[in-house]
Amino acid sequence: MRIIRRLDPFQTYLNNENILVGIETYFSSNRDKRPREFTQSKNQYSPKSPPPSSSEMAVESVLYKVFIGEEKGVFVSDDQEFFGNPFKNKAPTIISHKNRKALTFLNKYSVFDPLSNNENKGVMLVSVQFQPVIYPREASGNLKWLLLSMKNAIIGILEDSKDKFDVLNFLNVGPKSGSSVKFLHSQTYIFQQKPRTRGHFRNAFYQAFNQNPKCVACTIVDQRKIETIYGESVNYETLILNETSNFISYFAYCPLRLGQIRIIPKHHLKNVTEISNEMFLELGLLIEESDLTIHNFGMKLGFRLKDRSIVFRESYSENQDFHLLVDVLPFWPLGSVELLDSINSYSITPEHIKLFLREHKLSMKRND
Ligand SMILES: [Zn+2]
Numbered sequence: 234m235r236i237i238r239r240l241d242p243f244q245t246y247l248n249n250e251n252i253l254v255g256i257e258t259y260f261s262s263n264r265d266k267r268p269r270e271f272t273q274s275k276n277q278y279s280p281k282s283p284p285p286s287s288s289e290m291a292v293e294s295v296l297y298k299v300f301i302g303e304e305k306g307v308f309v310s311d312d313q314e315f316f317g318n319p320f321k322n323k324a325p326t327i328i329s330h331k332n333r334k335a336l337t338f339l340n341k342y343s344v345f346d347p348l349s350n351n352e353n354k355g356v357m358l359v360s361v362q363f364q365p366v367i368y369p370r371e372a373s374g375n376l377k378w379l380l381l382s383m384k385n386a387i388i389g390i391l392e393d394s395k396d397k398f399d400v401l402n403f404l405n406v407g408p409k410s411g412s413s414v415k416f417l418h419s420q421t422y423i424f425q426q427k428p429r430t431r432g433h434f435r436n437a438f439y440q441a442f443n444q445n446p447k448c449v450a451c452t453i454v455d456q457r458k459i460e461t462i463y464g465e466s467v468n469y470e471t472l473i474l475n476e477t478s479n480f481i482s483y484f485a486y487c488p489l490r491l492g493q494i495r496i497i498p499k500h501h502l503k504n505v506t507e508i509s510n511e512m513f514l515e516l517g518l519l520i521e522e523s524d525l526t527i528h529n530f531g532m533k534l535g536f537r538l539k540d541r542s543i544v545f546r547e548s549y550s551e552n553q554d555f556h557l558l559v560d561v562l563p564f565w566p567l568g569s570v571e572l573l574d575s576i577n578s579y580s581i582t583p584e585h586i587k588l589f590l591r592e593h594k595l596s597m598k599r600n601d
């Protein structure tokens with residue numbers, strides 16, 4: 234039996250005590266599946282009543298009703314333009330969806346109050362696309378509109394505000410990822426905190442970026458490999474899922490969750506506001522494809538990999554350079570050791586997942 238131990242080069246850094254800090258993932262081929270890795274066999278629906286389709290479930294959502302003009306909202310942008318800054322007092326209105334393909338508005342359940350005198354101010358936004366689906370894999374090339382609307386909102390708000398804000402972008406897909414809404418949507422937090430704070434995850438990515446002599450993502454693009462700061466050499470050819478003119482998608486070398494796919498732009502871009510409108514088509518398709526790929530191999534292996542967290546790792550600070558990463562992650566609950574010390578263990582390596590997909594002709598790479 235061989236056990237492989239890995240650290241993610243994108244978030245591993247050396248601390249003041251000369252200790253490497255990061256996510257550690259172990260692969261052990263003869264470990265048993267844990268209960269959460271099995272698919273539920275119980276069929277909730279009898280053969281006589283087929284399950285409702287994604288689009289039938291999605292149209293029930295309040296976000297979809299805002300989009301089609303049945304519910305009020307404070308609107309910020311669509312796929313074409315920025316409407317207005319939600320930090321300035323705006324009453325909720327009804328909007329007609331016309332030929333609009335995506336829309337961004339203030340989240341009704343925002344924990345931030347943009348108009349309060351609180352020192353921590355911010356807005357939580359949701360972006361939705363016109364097509365009622367639940368999963369990115371069903372979006373058939375339309376995810377780009379949602380991403381464009383999100384970009385228009387961020388650029389508009391940052392340009393219109395004198396203050397410096399932090400931005401967090403992500404998609405919660407499915408109930409297990411924490412989403413109360415079925416309709417496919419992305420979320421954007423634009424916030425300012427006094428004193429400035431930042432979480433462990435984001436900080437680790439920035440620390441690693443600052444300590445590496447060359448940008449890790451740019452080195453993957455240029456050389457198809459990297460030498461990590463802890464003396465390991467990683468060949469990315471064995472991990473790459475797809476490559477387009479502007480992006481590479483690959484199975485994460487040290488996955489936070491089994492099957493994780495990481496998408497990197499081939500140009501050094503700090504955040505989504507630097508992605509051109511044309512590039513969003515490619516990015517949207519790669520996210521859709523990554524979601525489908527994880528779904529397909531999960532089905533084949535009997536892993537329960539239906540819901541997703543899709544997170545954008547980026548920097549909006551003038552002082553922190555960075556290389557945008559988009560992580561497409563299957564949902565799994567955090568277990569004890571992961572909470573104790575960021576240690577994961579899985580039975581198969583990302584390289585094996587790629588081989589498995591190829592053997593079963595499951596890879597969604599369009600030019601395969
Ligand atoms: Zn770079």
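Each number in the working numbering comes from the position in the sequence shown (counting from 1) with 233 added on.
We put the beta carbon where it would ideally sit given N, CA and C, even for glycine.
Everything numeric in this text was worked out from a predicted model, so none of it was measured.
Is there a Cβ from chain C that is less than 9 Å from the Cβ of residue i?
{"i": "S360", "result": "Structure shown: chain C not included; a single protein chain is present."}
Within its chain, find whatever has a CB closer than 6 Å to the CB of residue i; leave out the 5 residues flanking it on each side and keep chain order.
{"i": "V292", "result": "P365"}
{"i": "K427", "result": "E352"}
{"i": "Q553", "result": "Y439"}
{"i": "K499", "result": "V454, N479"}
{"i": "F442", "result": "F555"}
{"i": "G372", "result": "Rather than Gly, the amino acid found at residue 372 in this sequence is Ala. So the list reads V366, E521, once near-sequence residues are dropped."}
{"i": "E460", "result": "S466"}
Within a Cβ cutoff of 7 Å, which residues of the same chain sit near residue i, ignoring the five residues on either side of it in sequence?
{"i": "S412", "result": "N405, V406"}
{"i": "T506", "result": "K384, I387, I388"}
{"i": "H501", "result": "C448, C451, H556"}
{"i": "R238", "result": "E257, Y259"}
{"i": "E592", "result": "none"}
{"i": "F189", "result": "Residue numbering for the chain in the displayed model covers 234 to 601; residue 189 lies beyond these limits and cannot be assessed."}
Between residue i and residue j, what straight-line distance do the alpha-carbon atoms span, to the nearest angstrom?
{"i": "D225", "j": "E303", "result": "Missing from the structure shown is residue 225; the chain here goes from 234 to 601 and no further."}
{"i": "G535", "j": "K458", "result": "31 Å"}
{"i": "N276", "j": "R537", "result": "The pLDDT assigned to N276 is 47, lower than 50, so where the model puts this residue is not dependable; a value taken from the coordinates is nonetheless given after this. Near 14 Å, if we compare the C-alpha coordinates of R537 and N276."}
{"i": "L408", "j": "A386", "result": "At residue 408 the sequence reads Pro, which differs from the Leu that was named. Near 26 Å, if we compare the C-alpha coordinates of A386 and P408."}
{"i": "L590", "j": "V467", "result": "21 Å"}
{"i": "D601", "j": "I497", "result": "Model confidence at D601 stands at a pLDDT of 41, short of 50, so the residue's coordinates are unreliable and nothing is read from them."}
{"i": "Q362", "j": "N248", "result": "43 Å"}
{"i": "K447", "j": "N577", "result": "27 Å"}
{"i": "S288", "j": "I236", "result": "44 Å"}
{"i": "K533", "j": "S580", "result": "15 Å"}
{"i": "N350", "j": "L339", "result": "19 Å"}
{"i": "S575", "j": "I256", "result": "5 Å"}
{"i": "S286", "j": "R370", "result": "14 Å"}
{"i": "I527", "j": "S548", "result": "27 Å"}
{"i": "S274", "j": "D524", "result": "Confidence at S274 is low in this model, with a pLDDT of 47, below 50, so the placement of that residue should be treated as unreliable; the coordinate-derived value is given next. One C-alpha to the other measures close to 22 Å."}
{"i": "V344", "j": "L358", "result": "11 Å"}
{"i": "V414", "j": "Y297", "result": "10 Å"}
{"i": "I481", "j": "I473", "result": "7 Å"}
{"i": "K341", "j": "V356", "result": "10 Å"}
{"i": "E465", "j": "C487", "result": "12 Å"}
{"i": "T471", "j": "Q456", "result": "13 Å"}
{"i": "Q313", "j": "V299", "result": "18 Å"}
{"i": "H585", "j": "S569", "result": "26 Å"}
Since I believe residue j is in contact with residue i (beta carbons under 8 Å), could you give me their beta-carbon distance rounded to a whole number of angstroms?
{"i": "I301", "j": "H330", "result": "5 Å"}
{"i": "I462", "j": "T258", "result": "Their Cβ separation, rounded to whole angstroms, is 17 Å, which puts I462 and T258 out of contact at 8 Å."}
{"i": "L567", "j": "R495", "result": "Between R495 and L567 the Cβ distance is about 19 Å, and since that is not below 8 Å, they are no contact."}
{"i": "L531", "j": "P583", "result": "In the sequence under discussion, the amino acid at residue 531 is Gly, which differs from the Leu named in the question. Wrong, their Cβ atoms sit about 14 Å apart, outside the cutoff."}
{"i": "K604", "j": "F484", "result": "Given that the chain is displayed from residue 234 to residue 601, the structure contains no residue 604 and the question cannot be resolved."}
{"i": "S262", "j": "F416", "result": "At roughly 40 Å, the Cβ-Cβ gap does not stay under 8 Å, so S262 and F416 are not in contact."}
{"i": "A437", "j": "V309", "result": "Wrong, their Cβ atoms sit about 31 Å apart, outside the cutoff."}
{"i": "P325", "j": "K354", "result": "Incorrect: roughly 19 Å between the Cβ atoms, too far for contact."}
{"i": "S360", "j": "H433", "result": "Contact flag wrong, Cβ pair sits at about 27 Å."}
In terms of DSSP beta bridges, what is residue i paired with?
{"i": "R431", "result": "Bridge partners of R431: none, in fact."}
{"i": "V560", "result": "According to the sequence displayed, residue 560 carries Asp and not Val. Looking at the DSSP assignment, D560 forms a beta bridge with R495, V544."}
{"i": "V361", "result": "L336, H418"}
{"i": "N468", "result": "K458"}
{"i": "G355", "result": "F424"}
{"i": "I481", "result": "E476, I497"}
{"i": "L253", "result": "L247"}
{"i": "N577", "result": "T258"}
{"i": "N402", "result": "T421, F545"}
{"i": "R238", "result": "Y259"}
{"i": "S310", "result": "F315, T337"}
Excluding the 5 residues preceding and the 5 following residue i in the sequence, name in chain order all residues of the same chain whose CB lies nearer than 8 Å to its CB.
{"i": "N445", "result": "P242, I462"}
{"i": "D311", "result": "R333, K334, A335, L336, T337, S382, N385"}
{"i": "N251", "result": "none"}
Flag residue i as yes when its Cβ comes closer than 8 Å to any non-hydrogen atom of ligand 3, and as no otherwise.
{"i": "A372", "result": "With respect to small molecules bound, the structure shown includes ligand 1 and not ligand 3."}
Is the region 396-403 close to the region 416-426, with three or more CB pairs under 8 Å? yes
Quick check: the region 316-323 against the region 381-397, are there 3 or more CB pairs under 8 Å? yes
Can you find at least 3 beta carbon pairs, one from the region 512-522 and one from the region 367-379, that sit closer than 8 Å? yes
For the structure I just gave you, are there three or more beta carbon pairs, one from the region 518-528 and one from the region 539-549, closer than 8 Å? yes
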